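Visitor: If you scroll down you'll find the structure; I have some questions about it.
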Amino acid sequence: KDNSSIWIVGENQTLEIRKVRPVWRDADVVLLKDGLKPGERLIVSDLPAPVEGMMVRVEPLKSEIKSDQPVKEKAAKDGTS
Numbered sequence: 001k002d003n004s005s006i007w008i009v010g011e012n013q014t015l016e017i018r019k020v021r022p023v024w025r026d027a028d029v030v031l032l033k034d035g036l037k038p039g040e041r042l043i044v045s046d047l048p049a050p051v052e053g054m055m056v057r058v059e060p061l062k063s064e065i066k067s068d069q070p071v072k073e074k075a076a077k078d079g080t081s
């Protein structure tokens, strides 16, 4: 990736490489002026040889993985309810 491109999961689980205009960045955060729409899936993993249109596999972030334990039960064990 260069500093003006992002990788998006496009239609049919394919890679879309898109030009953007970053307005601010630091080591962990980039603020874009445009180029990313609500609900689009941004690829944050490093791809060894990205090619526009290649198939990509989407895996949930750890924060998206559901626990088998109900939320109330978890909160009670943590002492927060």
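With the first letter of the sequence shown counted as 1, position 13 gets the number 13 in our numbering; the numbers rise by one all the way through.
C-beta atoms are modelled at their ideal positions from N, C-alpha and C, and glycine is treated no differently.
Predicted, not measured: the structure shown is a model, and the values here were computed from it.
Kindly provide the ranges of any beta strand (DSSP E) runs that are 3 or more residues long and lie completely inside the region 16-45, ordered along the chain.
Guide: 22-25 and 30-32
Visitor: Per DSSP, SER5 is paired with what?
Guide: LYS19
Visitor: Report back the beta-carbon spacing between ILE8 and GLU40 to the nearest angstrom; my notes put them in contact at under 8 angstroms.
Guide: 6 angstroms
Visitor: Out of curiosity, what's the CA-to-CA distance linking SER63 and MET54?
Guide: Roughly 26 angstroms separates the two Cα atoms.
Visitor: Beta-carbon within less than 7 angstroms of LYS33's beta-carbon, same chain only, minus the 5 sequence neighbours each way: which residues are those?
Guide: ARG21 and VAL23
Visitor: Per DSSP, what kind of secondary structure is ASN12 in: helix, strand or coil?
Guide: helix
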